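The listed protein sequences derive, respectively, from chains U and B.
Be aware that the first sequence starts at 29, since it is given in this note's numbering, and climbs by one per residue.
Be aware that the second sequence starts at 2, since it is given in this note's numbering, and climbs by one per residue.
Quick reminder that beta carbons are idealized off the backbone N, C-alpha and C, glycines included.
Predicted model only: the values in this text are computed from it and were never measured.
Taking it in order: structure first as structure tokens, then the write-up.
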Amino acid sequence: MPAPVNADLIQGRWFDGQSSRARPVMVGLRATPQGPSLVLHPLSQPGAEPVVFAWKDVGWPEAWNEHKPQPRVVVDLRDHGSLEIDAVSDWRAALAAAGERPGLAQRMQTRWPVLLGVTAVAVIGLALFYRYGTPWAATQLTRFVPLGWETSVAENVLRQMDDGTLKPSKLSKERQAQLKARFDVLVQQTPTTFHRYPNYRPPLSLEFRSGMGANAFALPGGKIVMTDGIVKAAADKGLPDDALVGVLAHEIGHVVYRHTTRMVVEQGVLNMGLGLALGDVSAVVSTGASVLTGLAYSRSHEREADCYAIALMRHTALPTAPMGKLLLAIAHDEEEEEENKKKEEEEAKAGQNQAAAPTAEPGASSPERARQRKKAEEMASHPVWSLLSSHPDTVARASELEKGHAPHCAKN
Amino acid sequence: MSQVPSDQAGAAGPVSTFMPQNIDAHPMEFTGSGGEYFRVWIVNVLLSIITLGIYTPWARRRTAQYFYSHTLVAGSPLEFTAQQRKMVMGFVLLMLITLAYNIAANTGQDAAVGVLLLTGAVLSPLIWGSAMRFRLGATRWRGLRLQFTANWKEVYIASWPLFALALVWFGVFFGMQLLSPELAEVLQEVEEEAARPKMPSFTPAMGALLLLGMVLTVLCFIRLEYNYKSLLVLKAQVGAEKGRWKPVYMDFVKVWLATVAVFILCVVGFSALIGILAGSSIALVASQSSRLGLWMFVIIIVSIIAGIFMLILASAPARAYREARMFQLMWNNIGVSQVARFKCHLKSGSYVGLRIKNMLLTLLTLGLYRPFARVSEYRMKCESVTLHVKGGVEQVAGAMVRQQQNGLGDALADAAGLDLIG
Numbered sequence: 029m030p031a032p033v034n035a036d037l038i039q040g041r042w043f044d045g046q047s048s049r050a051r052p053v054m055v056g057l058r059a060t061p062q063g064p065s066l067v068l069h070p071l072s073q074p075g076a077e078p079v080v081f082a083w084k085d086v087g088w089p090e091a092w093n094e095h096k097p098q099p100r101v102v103v104d105l106r107d108h109g110s111l112e113i114d115a116v117s118d119w120r121a122a123l124a125a126a127g128e129r130p131g132l133a134q135r136m137q138t139r140w141p142v143l144l145g146v147t148a149v150a151v152i153g154l155a156l157f158y159r160y161g162t163p164w165a166a167t168q169l170t171r172f173v174p175l176g177w178e179t180s181v182a183e184n185v186l187r188q189m190d191d192g193t194l195k196p197s198k199l200s201k202e203r204q205a206q207l208k209a210r211f212d213v214l215v216q217q218t219p220t221t222f223h224r225y226p227n228y229r230p231p232l233s234l235e236f237r238s239g240m241g242a243n244a245f246a247l248p249g250g251k252i253v254m255t256d257g258i259v260k261a262a263a264d265k266g267l268p269d270d271a272l273v274g275v276l277a278h279e280i281g282h283v284v285y286r287h288t289t290r291m292v293v294e295q296g297v298l299n300m301g302l303g304l305a306l307g308d309v310s311a312v313v314s315t316g317a318s319v320l321t322g323l324a325y326s327r328s329h330e331r332e333a334d335c336y337a338i339a340l341m342r343h344t345a346l347p348t349a350p351m352g353k354l355l356l357a358i359a360h361d362e363e364e365e366e367e368n369k370k371k372e373e374e375e376a377k378a379g380q381n382q383a384a385a386p387t388a389e390p391g392a393s394s395p396e397r398a399r400q401r402k403k404a405e406e407m408a409s410h411p412v413w414s415l416l417s418s419h420p421d422t423v424a425r426a427s428e429l430e431k432g433h434a435p436h437c438a439k440n
Numbered sequence: 002m003s004q005v006p007s008d009q010a011g012a013a014g015p016v017s018t019f020m021p022q023n024i025d026a027h028p029m030e031f032t033g034s035g036g037e038y039f040r041v042w043i044v045n046v047l048l049s050i051i052t053l054g055i056y057t058p059w060a061r062r063r064t065a066q067y068f069y070s071h072t073l074v075a076g077s078p079l080e081f082t083a084q085q086r087k088m089v090m091g092f093v094l095l096m097l098i099t100l101a102y103n104i105a106a107n108t109g110q111d112a113a114v115g116v117l118l119l120t121g122a123v124l125s126p127l128i129w130g131s132a133m134r135f136r137l138g139a140t141r142w143r144g145l146r147l148q149f150t151a152n153w154k155e156v157y158i159a160s161w162p163l164f165a166l167a168l169v170w171f172g173v174f175f176g177m178q179l180l181s182p183e184l185a186e187v188l189q190e191v192e193e194e195a196a197r198p199k200m201p202s203f204t205p206a207m208g209a210l211l212l213l214g215m216v217l218t219v220l221c222f223i224r225l226e227y228n229y230k231s232l233l234v235l236k237a238q239v240g241a242e243k244g245r246w247k248p249v250y251m252d253f254v255k256v257w258l259a260t261v262a263v264f265i266l267c268v269v270g271f272s273a274l275i276g277i278l279a280g281s282s283i284a285l286v287a288s289q290s291s292r293l294g295l296w297m298f299v300i301i302i303v304s305i306i307a308g309i310f311m312l313i314l315a316s317a318p319a320r321a322y323r324e325a326r327m328f329q330l331m332w333n334n335i336g337v338s339q340v341a342r343f344k345c346h347l348k349s350g351s352y353v354g355l356r357i358k359n360m361l362l363t364l365l366t367l368g369l370y371r372p373f374a375r376v377s378e379y380r381m382k383c384e385s386v387t388l389h390v391k392g393g394v395e396q397v398a399g400a401m402v403r404q405q406q407n408g409l410g411d412a413l414a415d416a417a418g419l420d421l422i423g
């Protein structure tokens, strides 16, 4: 036999792919620069030339367990059939002697330190990717989304909302015109240096609706909707229109940063990426991860819009404190409303022995209720609960707005 | 070679009449373990995370290779020989289609979504066929490739229940309009986006029509399953030997009826259990507390939530039962031409028990028990099958088959939930 064989020959059974008949062979491995090559010595025909298979012409079976090899391995010889080997430990030893370089998967499979190292890399990498990578990619991808698409989506959404929860505004024509004038002035004063997308110039417009409580929202493509509720809330608290202008500045921030479009991209990356990565663990884990990350993105968008509002208001020499007060007042009202509702329900359930309990005055809260509210606020600002919220903590936001600067805003 | 005439071997009744002298019994073996597969699985999950999911086709190949190489058929392991390149290309294509669909759905382009869904429905037999072609073609045993030899015409003919299903629902839709002209008006109004219409009255005739539609739907689905399974076995080939198939349509219907019975039994059992629990807790609370109202409310809410959860749980035994019965039906009644027969001694009861245990443990561990569950279920099914070979395993001969399958069908089938393993 002329071939210098690296290790002792191993017995095997060769199936040629033509029939299920096994032919006894001896298998040798030879080190080559690319990796081990396989030499097949047929035993059935004495004197036959050994067949040599290069490294890349063989499907090498993966080693699954270092300590307990499987009872039998099959080597894929592609179109030349397959090779069954019983002496798996000898086969592994021969492979190692012939200079086998196992892939990452096999090293993770058989060596604990590699597995732990990759686990650490995966955890850190996942956190970094979803913290910085996805938002960055969304920013870049959003550059390619045309304004026309945003406008058509916004029209669709607004039409659906008009058919559903929203009603035409009941504000007087004069009041609407007044606020629109303030809005237009604000838009004209917006410096172009504030824009993240230099060529993105959506036509900004303001509309009024009633319904949805005290709220304002921005649609992609530049349409901003304000509800009667928020105008009324500002009036009730005796706040100047600067409060509403601040809210509008926040919404303009959402528009010029293209937050809706970015959210569509980010949510797409999240659902697909996390679905693929964690979907095999369980649907609960992958959906939970993608919901939590989506909420984190939403909070960062709100912070960005707040920063934009602070910068724009400062640029136009308007105060941001009224906006902060409005934010607090609305949150306060909503809480009270909820508590009133709860209380009413409890009283209704407590039985009919007490005749018509008087509805609580919103202003005069008993010490008991103040304590309860404090507890609720503490709970809401607890880090675990804040993970489940689409907006950052209201009290922190309001105090930042009142001060007119926030630590997370980039300095201009 | 055996002297047994073919019709005698074909009438595989009790095992004793089917065992002349030179038939060897080879129980199938599975030599893997849950712990080992957990390692395979966790490696796949980690690499998928690092590569943002792109590792998926490699992960699928590793998983298939783990299960195949630990499955011994007559002492020889199975081989999964799919080309990685083909699997990756199929995966990339699938991702592009998914992306297109998501963009269309998210941006409200209803026409594009409709076209995509309709194309998917019309092409689904093709997808199934190419997935089966891929899977059988990627399987090798003793050097011989399995083959799926059905052509597209045969696949589409076997898919007739799918198109009958569309007809049934067209019929139900128009029948409804005929029975109730008001409903037609309402639909018209909805189309024209008019003001909120009031719902028309529901007559017994309409209920009967709806029920008929549902029964026909189920029958169509059973027929489809029967057609696909029989086509898969009859058109499967190892070497030159073709698959044999004995079950008839009624066998499948019987399995389904038994499944429905199991499901009803489970629902009744669970409801009784919940009823007793809720009743006793109401009684307990009522005896202790005078403030009955609020507690009553809480208990009712809790029992409704528990009830919905239990309903999902209640369908699990029925699903496991159906799977076990179907597995027995298949592996007791198929074979490879005159060469081999399979026998299966899977016990439905123990399989259902195993599945329930696995489901609970998987829920408790947030999915970390899944690899162990998978291995234990695969092992129970695999080791219940015995291969009876006439004339030895060395006799199968066939022409050389080259491997050139497209991986897209497999990727699509995977997305549709057709598992490669199991």
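Taking the Cα positions, U/Ala59 is about 50 Å away from U/Gln295. The Cβ-Cβ distance between U/Leu346 and U/Val273 falls below 8 Å. With respect to chain U, the C-beta atom of B/Asn103 has a partner C-beta closer than 8 Å.
U/Met54 sits in a strand when the DSSP states are folded into three classes. Residue U/Phe157 holds the alpha-carbon nearest to the alpha-carbon of U/Leu302 among U/His329, U/Ala165, U/Arg100, U/Phe157. With a 10 Å radius around the Cβ and a threshold of 16 neighbouring Cβ atoms, U/His278 comes out buried. Distances from the CA of U/Leu143 to each of B/Leu266, B/Ala132, B/Ile43, B/Ser231 were compared; the closest alpha carbon is that of B/Ile43.
Look at U/Arg286 here: in three-state DSSP terms it is coil, with no helix or strand label. Residues of the region 388 to 399 of chain B whose Cβ lies closer than 8 Å to any Cβ of chain U, in chain order: Val394, Glu395, Gln396, Val397, Ala398, Gly399. Interface residue (Cβ-Cβ distance to chain U less than 8 Å): B/Asn334 is not classified as such.
Close CB contacts of B/Ile306 within its chain, under the 7 Å cut and outside five residues either way in sequence, are absent. In the DSSP assignment, B/Phe81 is bridged to B/Thr140. Neighbours of U/Asn93 across chain B, judged by C-beta separation under 7 Å: Glu37.
For U/Thr348, the closest C-alpha among the options U/Thr288, U/Glu365, U/Ala434, U/Val292 is that of U/Ala434. Under the DSSP assignment, U/Val313 falls in the alpha helix (DSSP H) whose first and last residues are 311 to 343. Annotated as distal: U/Leu68 and U/Val86, with beta-carbon spacing of 8 Å or more. Look at U/Arg100 here: in three-state DSSP terms it is coil, with no helix or strand label.
B/Leu235 and B/Trp246 do touch by the CB rule: their CB atoms are close to 5 Å apart, below 8 Å. Contact between the region 311 to 327 of chain B and the region 267 to 278 of chain B is present: three or more C-beta pairs spanning the two stretches fall below 8 Å. Short of 6 Å from the beta carbon of U/His329, and not among the five residues preceding or following it, lie these beta carbons of its own chain, in chain order: His287. The beta carbon of U/Ile252 lies closer than 6 Å to those of Leu234, Ala246, Glu279 in the same chain, with the five residues before and after it left out.
Within the same chain, Cβ atoms closer than 6 Å to the Cβ of U/Ala359 are found at Thr422, the five residues on either side in sequence being excluded. Beta-bridge partners of U/Ser65 (DSSP): U/Arg58. By a beta-carbon distance limit of 8 Å, B/Ala65 does not contact B/Phe149. Their separation comes to about 16 Å. For B/Cys383, the enclosing alpha helix (DSSP H) stretches over residues 371 to 384.
Residue pairing by DSSP puts B/Thr387 in a beta bridge opposite B/Pro28, B/Lys344. Shown here for U/Gly257: same chain residues with a beta carbon closer than 6 Å to its own, the five before and five after excluded, namely Gly241, Ala242 in chain order. Taking a beta-carbon distance threshold of 8 Å, B/Ser316 does not count as an interface residue toward chain U.
When the Cα atoms are used, B/Asn45 and B/Ser349 turn out to be separated by approximately 32 Å.
With its beta carbon at least 8 Å from every one in chain B, U/Asn243 lies outside the interface.
Beta-bridge partners of B/Val337 (DSSP): B/Gly244, B/Ala341.
Taken through DSSP and simplified to helix, strand or coil, U/Leu234 comes out as strand. Cβ-Cβ distances below 6 Å link B/Ala83 to Ala139 in the same chain, with the five nearest sequence neighbours on each side left out; the list follows chain order. Closer than 8 Å to the CB of B/Gly240 there is at least one CB belonging to chain U. With fewer than 16 other Cβ atoms inside 10 Å of its own Cβ, U/Gly131 counts as exposed. B/Ser304 and U/Leu320 have their C-alpha atoms spaced approximately 29 Å apart.
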